[in-house]
């Protein structure tokens, strides 16, 4: 019994320091001991506990030491939609706490991708729909299909491996990861932690497109963008070629109109110059007239400047004349100069016999000091 599926209620669930999981599955009729080694347990997207109903797949063999049959689990899932929902919420909360869904890590989608990678089943309707939409909207884009299984035990690892491969080798500008609709169990591969971590670590922007509009999966939270369906993802990633052509046509029309206006303006300017060349004497008269006008303005400016300068000089001369000592002499005063030619300020510096020169308003007189006090 190398590939069996067992359903039962978990009991005595223990995780040893080695990382191995030991538990028992039981129902109303019997019990089965189970072991899940560390490598297999690393893929668990939830935390099993006593009392939880589980679906376990693996190989049944005899444990030689105890001589009892036990199930060597390769995969373990919650049994029932309610249990799946609990497992979904538990994984979502744990990854959110690690920051895998933080908007700060989201990468923008390229506006005009040259190559798009489709990580999906090569046999499903979803891949055909996406290729058809790309061919209609943006046929210049190259499509690379990374074929994977999208449900079953091997699907999560295949999807994660394909995402890592496209990212590592930079095979595309953007990546669409997804599949068509199905039950929660059918879509469960996209709720796997390995897929979420591969999406988060991808250097290529990832669009998650799984199922239909109501379906929300872990891959949707980890991706850079979510599309409600694979067809919607193709429309989200591909620009509309018809719209681009219309915009190019509008730009070309505006450019043509602008060039036409510019050529018309140049033509009018050329026509004016051509008329002047036909009658050069008229052009010369116009230039001479402009020269005369400029000369008249220059003469007026020069005359005004001279008047302003003369007025300013007269004002300064009047101020200097008011401050002149000769004005004082006109009122009957005189200035006495010593023999050294200095104005006399203190009579005590004189001696009898010194000669002074007296300067009234008009003329001068030479005098000799008789006494000085």
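In this note's numbering, the protein residues as written are 39 to 411.
For each residue, glycine too, the CB sits at the ideal point set by N, CA and C.
Query: Endpoints, the alpha helix (DSSP H) within which residue 12 is located; Result: Given a span of 39 to 411 for the chain in the structure shown, any question on residue 12 remains unanswerable.
Query: Residues bridged to residue 71 (per DSSP); Result: 62 and 108
Query: Residue closest to residue 143, alpha-carbon to alpha-carbon, out of 101, 177, 242 and 82; Result: 242
Query: For residue 393, the residue or residues it bridges with in DSSP; Result: 406
Query: Paired residues, beta bridge with residue 158 - DSSP; Result: 185
Query: Cβ neighbour criterion (16 or more within 10 Å) applied to residue 141; Result: exposed
Query: Three-pair Cβ contact test at 8 Å for the stretch 157-168 versus the stretch 210-222; Result: yes
Query: N-terminal and C-terminal residue of the beta strand (DSSP E) that residue 374 is part of; Result: 373-375
Query: Identity of the residue in 62, 137, 305 and 188 nearest residue 228 by Cα; Result: 188
Query: Residues of its chain near residue 115, where Cβ-Cβ distance is below 6 Å and the 5 sequence neighbours each way are ignored; Result: 93
Query: Residue ranges of each beta strand (DSSP E) within the stretch 213-259, 3 or longer; Result: 244-248
Query: Within 8 Å, strictly: CB atoms of residue 113 and residue 195; Result: no
Query: Spatial neighbours of residue 410 in its chain, beta-carbon cut-off 6 Å, leaving aside the 5 residues before and after; Result: 385 and 388
Query: Delimiting residues of the beta strand (DSSP E) encompassing residue 46; Result: 42-53
Query: Proximity below 8 Å, CB of residue 77 to CB of residue 62; Result: no
Query: Candidates 137, 145, 169 and 181, of which the one nearest residue 152 by Cα; Result: 181
Query: Residue burial classification, residue 268 (beta-carbon count within 10 angstroms, cutoff 16); Result: buried
Query: Proximal residues to residue 367 (C-beta, below 8 Å), its chain only, five neighbours per side dropped; Result: 373, 397, 398 and 399
Query: Proximal residues to residue 230 (C-beta, below 6 Å), its chain only, five neighbours per side dropped; Result: 83 and 194
Query: Residues that residue 95 bridges to, as DSSP identifies them; Result: 43 and 113
Query: Supposed contact pair residue 155 and residue 184 - C-beta distance, whole angstroms, cut 8 Å; Result: 6 Å
Query: C-alpha distance - residue 79 paired with residue 288, whole-angstrom precision; Result: 60 Å
Query: Collapsed DSSP secondary structure at residue 302 in the structure displayed; Result: helix
Query: Per-residue burial, residue 257 [other beta carbons within 10 Å of its own, 16 or more giving buried]; Result: buried
Query: Straight-line gap, residue 146 to residue 292 (C-alpha atoms, nearest Å); Result: 31 Å
Query: First through last residue of the alpha helix (DSSP H) which encompasses residue 76; Result: 76-79
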